[in-house]
Amino acid sequence: MIAFDTNLLVRALVADNPDQVAVVRQLITADTIFIPRTVLLETEWVLRSRYKKTRAELNEFFTALLETDDTLIEDAEAVSLALDWYARGADLADAPGRMRQHTHSIGAAARPRGTQE
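Under numbering that gives the first Met the number 0, read the sequence shown as residues 0 to 116, first letter to last.
See the structure below:
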C-alpha cells in the first residue's frame with residue numbers, strides 16, 4: 000500500500016505534467032493507494048482555488064475515488080456523507096464535523112434513557 004499526497008491527487012485530475020501523470024497512473028495500477036482525509040481536504044482547496052474546478056467537478060472526482068477498487072480512503076463512510084453535504088452546498092472542510100455531530104445526536108437519541116455511549 001502506498002499513501003497518496005495532495006500533489007499526486009492534483010496531478011491525477013489536472014494532468015498538467017505528462018511525466019507526473021504517468022507516475023501517478025503507474026502507482027495506481029501497481030498497488031493499493033491510501034488517501035488520508037486531510038489530503039482530500041487539501042486537494043479540494045488546491046483544485047478549487049488554484050485550478051478553478053467547480054463543486055460538481057470536485058464532487059465527481061472524489062466520488063470516483065471512493066468507488067475505485069484498490070483505493071482506501073480514511074474513514075470512507077464519513078467522507079461519503081461529507082460529499083453528500085458538499086453537493087448540497089456545505090464547505091467540504093466543515094461537512095465532516097457537521098456529520099459527526101449529526102450522527103452523535105442521532106446515537107444519543109437512540110440510546111435508552113440513563114445510558115451513555
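From the three backbone atoms N, C-alpha and C, an ideal C-beta is built for every residue, glycine too.
Look at the alpha carbon of residue i and the alpha carbon of residue j, and state the distance between them as a whole number of angstroms.
i	j	result
PRO35	ASP18	24 Å
GLY88	ALA81	11 Å
VAL78	ILE72	8 Å
THR67	LEU46	20 Å
ILE105	TYR85	Residue placement at ILE105 cannot be trusted, given a pLDDT of 36 that sits under 50; what the coordinates show is reported in the next sentence. Going by the C-alpha atoms only, they are around 20 Å apart.
ALA21	ARG10	10 Å
ILE1	LEU65	16 Å
GLU76	ALA63	14 Å
ALA94	ALA29	32 Å
Taking the Cβ atom as the reference point for each residue, do residue i and residue j lie within a distance shorter than 8 Å?
i	j	result
LEU40	LEU8	no
ILE32	PHE3	yes
According to DSSP, residue i sits in a beta bridge with which residue or residues?
i	result
THR70	ILE32
Indicate the three-state DSSP secondary structure (helix, strand or coil) for residue i in the structure shown.
i	result
ALA2	strand
ALA63	helix
ALA86	helix
ASP18	helix
ALA77	helix
ASP49	As written in the sequence, residue 49 is Arg, which differs from the Asp given in the question. Note: ARG49 maps to coil in three-state DSSP.
ALA55	helix
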